[in-house]
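>
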Amino acid sequence: MQVLYQRYPDIRIEGENYLPLPLYRHVASFLSMFKLALIGLIIIGKDPFALCGMQAPGIWVWSQENKIYACMMVFFFSNMVENQCMSTGAFEITLNDVPVWSKLESGHLPSMQQLVQILENEMKMNIPMDHRS
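In the working numbering, the protein residues as written are 28 to 160.
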């Protein structure tokens, strides 16, 4: 980015979060609540399967024997999935409120050379005709 500031001292670079689709936001929210409920059940030690008249699966038995590890695994695995749901990977570039690059559309980030070329082309197109040389 320093290259861009040197080449275009008046350039304004802003970043903001690009919200994912509502479905992914709801899944992440559900996982967050489910994670807390599951950790609570592991800590309390109450077998939810016995309440339903089912035999506890091996993973539940293991979680009761290794509560700290089980809680850590639930916490970190759930956070990983939640972050994936909330991450859009968006990298959108606009110049004077005109979109000039979209990672969502192109599927990749521009190289620095591509970015400079895009900005130069856009700047040339935006110069009034009587000021072009």
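Beta carbons: idealized from backbone N, C-alpha and C, even for Gly.
Using DSSP with H/G/I as helix, E/B as strand and the rest coil, what is Ile38?
Coil, per DSSP.
> Spatial neighbours of Ile120 within its chain, please: CB distance less than 7 Å, with the 5 preceding and 5 following residues excluded, ordered by chain position.
Excluding residues within five positions, the ones whose Cβ falls inside 7 Å are Val127, Trp128.
> So the candidates are His53, Pro137, Asp74, Leu68; which of them puts its Cα closest to the Cα of Ala117?
When each option's Cα is compared against that of Ala117, the closest is Pro137.
> Does the beta-carbon distance from Val108 to Leu58 come in below 9 Å?
Cβ atoms of Val108 and Leu58: closer than 9 Å.
> Compute the distance between the beta-carbons of Val101 and Leu65, then report whether it is under 9 Å.
Yes. Within cutoff.
> So is Leu48 buried or exposed if we call it buried at 16+ other beta carbons inside 10 Å?
Flag for Leu48 reads exposed.
> Considering only residues of the same chain and omitting the five flanking positions on each side of Gly85, which have a CB-CB separation below 7 Å?
Closer than 7 Å at Cβ, skipping near neighbours: no residue.
> In or out: Ala97 buried (at least 16 other Cβ within 10 Å) or exposed?
Looking at its Cβ environment, which holds 16 or more other Cβ atoms inside 10 Å, Ala97 is buried.
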